[in-house]
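What follows is a single structure, written as structure tokens, with notes after it.
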Amino acid sequence: MQKMQFSIEIEAPRGKVWQTLWEDKTLRDWGNIIDEGLYMVGEMAEGNEVQFISSEGLGVTSFVEKLIPHEYIAFKQVADTMDSGEQERDKEWTGGTESYELIEKNGITNLIVKIDVPPGLEEIFKGRFPKALERVKVLAEKK
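FYI, the numbering for the sequence shown is 12 to 154, going by this note's numbering.
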């Protein structure tokens, strides 16, 4: 896996950025840029598993390793899935990690995302992830 990092400054408090990242409606909005129809199933809590699933029914089951609300979340990808999370498939994402860190200073939040990307998908993520973070910025900065 290739470790990649993306970041963006957002003119909004980190609580608003956090809400934009993980609330269902806004997650579906910015997540759609990364993988069409992306949505999350499960409760975001440390020690829980959640699933991120695309409109094609492909996805990943992630273990929430660490969660500090409005500041930091780290996922460990534990299984690649298909059939909307009902069955396991190839191990493309399994074993990777993904984290979101929010650092606020003077009302501006720096969002830093670190993600392990499977071989062959680096260029796709270089193209899509900055656009997705730009969408998070637009959504979070709305009054």
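Think of the CB as a built atom: it goes at the ideal place given N, C-alpha and C, for glycine as much as any other residue.
Keep in mind that this is a model prediction, so the values were computed, not measured.
(request) Taking the CB atoms as reference points, tell me whether D127 and K14 lie closer together than 8 Å. (result) Taking the first residue of the sequence shown as 1, we reach residue 127 at position 116. Taking the first residue of the sequence shown as 1, we reach residue 14 at position 3. Yes, the pair counts as a contact, with Cβ atoms nearer than the cut-off.
(message) Comparing C-alpha positions only, which one of F86, I44, S110 and V61 sits nearest to M51?
(response) Here the question's residue 51 lines up with position 40 in the sequence shown. The residue with the shortest Cα to Cα distance from M51 is V61.
(message) I'd like the list of long-range same chain contacts for T87, defined as Cβ closer than 6 Å, with 5 residues on each side in sequence excluded.
(response) Here residue 87 is taken as the residue at index 76 of the sequence shown, counted from 1. Reading off the sequence, residue 87 comes out as Lys, not Thr. Correct list, in chain order: F74, E76 and T108.
(request) Please list, in chain order, all residues of the same chain as I84 whose beta carbon is under 6 Å from its beta carbon, the five residues on each side excluded. (result) Residue numbering aside, residue 84 sits at position 73 when the sequence shown is read from its first letter. Take I84, set aside five residues on each side of it, and the residues of its chain with a beta-carbon closer than 6 Å to its own are L78 and Y111, in chain order.
(request) Go ahead and label I64 buried or exposed: buried means 16 or more other beta carbons lie within 10 angstroms of its beta carbon, across all protein chains shown. (result) Reading the sequence shown from its first residue, position 53 is the one you call residue 64. Buried, because 16 or more other Cβ atoms sit within 10 Å of the Cβ of I64.
(message) Quick check on the DSSP output: what are the complete beta strand (DSSP E) runs of length 3 or more inside the region 85-149, in order along the chain?
(response) Complete beta strand (DSSP E) runs here, min 3: 108-116 and 119-128.
(request) Pick out whichever of R146, P130, E115 and T72 has its Cα sitting closest to the Cα of G26. (result) Locating residue 26 in the sequence shown gives position 15, counting from the first residue. The residue with the shortest Cα to Cα distance from G26 is E115.
(request) Take E156 as the anchor and find which of T120, G68, T72 and E34 has the nearest alpha-carbon. (result) Absent from the structure is residue 156, since the part of the chain shown begins at 12 and ends at 154.
(request) For the beta strand (DSSP E) holding K77, just list the boundary residues, first then last. (result) Translated into the one-based positions of the sequence shown, residue 77 becomes position 66. Counting along the chain, the beta strand (DSSP E) containing K77 begins and ends at G70 to I79.
(message) Distance check for D40 and P3, CA to CA, integer angstroms please.
(response) Any question about residue 3 goes unanswered here, given that the chain covers just 12 to 154.
(message) Determine, for L144, whether the minimum Cβ-Cβ distance to residues of chain B falls below 8 Å.
(response) Looking at the structure shown, chain B is missing, and only one protein chain is on hand.
(message) Could you tell me the alpha carbon to alpha carbon distance between I45 and G118, rounded to whole angstroms?
(response) Counting from 1 along the sequence shown, the entry for residue 45 is found at position 34. Counting from 1 along the sequence shown, the entry for residue 118 is found at position 107. G118 has its alpha-carbon roughly 27 Å from the corresponding atom of I45.
(request) Label G48 either buried or exposed according to how many other C-beta atoms from any shown protein chain fall within 10 Å of its C-beta, with 16 as the threshold for buried. (result) Here the question's residue 48 lines up with position 37 in the sequence shown. Its Cβ having fewer than 16 others within 10 Å, G48 is exposed.
(request) Please name the residue, chosen from D91, G42, I19 and V28, that lies closest to P129 on a Cα-to-Cα basis. (result) In the sequence shown, residue 129 corresponds to position 118, counting from 1. Ranking the options by Cα distance to P129, first place goes to D91.
(request) Sort out for me which residues DSSP pairs M12 with in a bridge. (result) Here residue 12 refers to the residue found at position 1 of the sequence shown. Bridge partners of M12 according to DSSP: none are assigned.
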